[in-house]
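Student:
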Amino acid sequence: MQVQKSFKGQTDFGTLYLVPTPIGNLQDMTFRAVQVLKDVDFICAEDTRNTGLLLKHFDISTKQIAFHEHNAYEKIPDLLSLLTSGKSLAQVSDAGMPSISDPGHDLVKAAIAENIPVVALPGASAGITGLIASGLAPQPHIFYGFLPRKSGQQKDFFENKKNYPETQIFYESPYRVTDTLENMQDVYGDRQVVLVRELTKLYEEYQRGSISDLLSYLAENPLKGECLIIVSGFDGQEQVQDLDELDLASLVKKLVEQGNKPNQAIKKIAKTYGLNRQEVYNAYHQL
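Its first residue numbered 1, the sequence shown is counted upward by one per residue in the UniProt record's numbering.
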């Protein structure tokens with residue numbers, strides 16, 4: 001067990017600060033975030049050119065260190081050395097909260113393993129920001145980030161999630177939104193969905209309706225800009241496959257191949273399809 005006292009603990013180490021940056025509108029930068037970026041010894045940036053524009057806007061002269069998915073493995077030991085020597089670092093992504101869809105999470109885990117304080121600042125987050133204005137149930141919700149790109153993998157992903165009751169949040173490229181919605185409709189049926197684009201920017205837009213409504217609209221109004229897809233969870237009224245139609249053993253085996261233990265996989269399949277766990281267990285073990 002480990003207990004971190006972020007501001008009252010006594011340590012000779014520096015602190016790793018996770019600093020959110022605006023997702024579009026620079027006015028969303030907090031006073032605290034600006035001050036932390038000024039006070040730390042180094043800023044670990046996903047793209048130093050992009051972050052450089054932000055630093056220039058707020059008159060911040062702190063030196064940057066490039067830290068991204070292509071150099072994370074070799075950079076983390078150096079960053080840990082700085083922290084253990086007493087230097088404080090701020091980790092930022094190109095937009096929004098660090099550690100979401102970037103290598104920041106690996107640095108956080110490594111710092112925690114060395115008992116280095118990790119302090120997160122609150123701030124801009126596209127998923128939560130879009131969710132609360134979507135009109136769909138804000139809780140419970142699940143944030144998944146980016147979806148698999150291949151159609152078959154997407155449909156397999158949706159098959160595993162289609163009976164989840166939580167509102168689901170996804171990031172998606174504007175070039176793949178139509179294909180993704182078609183795959184989603186094939187698996188989920190014609191659920192309510194909200195497409196959010198250009199969040200916090202001048203052309204911010206919410207497209208609310210059924211999946212078929214959005215597909216019809218998008219056919220005449222091509223997308224531009226960064227997008228979120230928010231889809232309603234399973235409400236218990238959609239048509240669920242009969243038990244006889246499900247190959248439960250194959251579904252469990254697929255999850256096991258993905259790294260789940262058999263009992264975990266059985267539990268997940270039972271929850272997904274609203275089945276008794278014993279039924280799934282018997283099917284998997286051919287009892």
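C-beta: ideal position from N, C-alpha, C; glycine also.
Remember, it's a predicted structure, so these values are computed and weren't measured experimentally.
For residue 22, which of 233, 144, 92 has the nearest alpha-carbon?
Tutor: 92
Student: With a threshold of 16 other CB atoms inside 10 Å of the CB of residue 32, please say whether the residue is buried or exposed.
Tutor: exposed
Student: Using three-state DSSP, classify residue 270 as helix, strand or coil.
Tutor: Three-state DSSP puts residue 270 in a helix.
Student: Using the Cβ count rule (16 or more neighbours within 10 Å means buried), how would you classify residue 113?
Tutor: It is exposed - the Cβ of residue 113 has fewer than 16 other Cβ atoms within 10 Å.
Student: How big is the Cα-Cα spacing for residue 38 and residue 54?
Tutor: 12 Å
Student: May I have the straight-line CA-CA distance separating residue 269 from residue 56, to the nearest angstrom?
Tutor: 51 Å
Student: Would you tell me roughly how many angstroms separate the C-alpha atoms of residue 139 and residue 167, rounded to the nearest one?
Tutor: 7 Å
Student: Relative to the alpha-carbon of residue 265, which residue among 3, 160, 126, 82 has its alpha-carbon at the smallest distance?
Tutor: 160
Student: Taking the C-alpha atoms as reference points, what is the distance between residue 52 and residue 46?
Tutor: Looking at the backbone, the Cα of residue 52 and that of residue 46 are separated by about 11 Å.
Student: May I ask you to verify whether the segment 147-164 touches the segment 117-125, counting CB pairs closer than 8 Å and requiring at least 3?
Tutor: no
Student: Can you pull the DSSP bridge partners for residue 228?
Tutor: 171, 196
Student: Need the endpoints of the beta strand (DSSP E) that residue 64 sits in, please.
Tutor: Taken as a continuous stretch (DSSP letters only), the beta strand (DSSP E) holding residue 64 covers 63-66.
Student: Could you check which residue in 78, 195, 67 has the C-alpha nearest to that of residue 99?
Tutor: Nearest option by C-alpha distance: 67.
Student: How about residue 110: is its Cβ closer than 6 Å to a heavy atom in the ligand SAM?
Tutor: By its list of ligands, the structure shown contains no ligand whatsoever, and the ligand SAM lies outside what it can speak to.
Student: Quick check on the burial criterion: 16 or more other C-beta atoms within 10 angstroms. Buried or exposed for residue 88?
Tutor: The residue in question, residue 88, is buried, as its Cβ has 16 or more Cβ neighbours within 10 Å.
Student: Taking the C-alpha atoms as reference points, what is the distance between residue 107 and residue 216?
Tutor: Near 43 Å, if we compare the C-alpha coordinates of residue 216 and residue 107.
Student: Going by C-alpha distance, which of 105, 44, 229, 233 is nearest residue 182?
Tutor: Comparing Cα positions, the closest option is 229.
Student: Grab me the residues of residue 136's own chain with a C-beta within less than 7 Å of its C-beta, minus the 5 sequence neighbours each way, in chain order.
Tutor: 167, 192, 194, 230, 232
Student: Under three-state DSSP, which class holds residue 139?
Tutor: coil
Student: Is it buried or exposed, residue 211, if we count other Cβ atoms within 10 angstroms and call 16 or more buried?
Tutor: buried
Student: What is the rounded straight-line gap between the Cα of residue 85 and the Cα of residue 13?
Tutor: 6 Å
Student: Are residue 147 and residue 178 touching if we call contact CB-CB under 7 Å?
Tutor: No, Cβ-Cβ distance for residue 147 and residue 178 is not below 7 Å.
Student: Between which two residues does the beta strand (DSSP E) harbouring residue 205 extend?
Tutor: 205-210
Student: Contact defined as beta carbons within less than 8 Å: I believe residue 90 pairs with residue 34. What is the distance between those atoms, to the nearest angstrom?
Tutor: Actually they do not touch by this definition, with Cβ atoms about 11 Å apart.
Student: Per DSSP, what kind of secondary structure is residue 239 in: helix, strand or coil?
Tutor: Note on residue 239: pLDDT 45, under 50, position unreliable in the model; the coordinate value appears next. Three-state result, residue 239: coil.
Student: DSSP three-state call for residue 180: helix, strand or coil?
Tutor: helix
Student: Pull up the CB-CB distance for residue 222 and residue 124, whole angstroms please, since I reckon it's below 8 Å.
Tutor: That pair is no contact at about 27 Å.
Student: Give me the Cα-Cα distance between residue 188 and residue 102, rounded to the nearest whole angstrom.
Tutor: 29 Å
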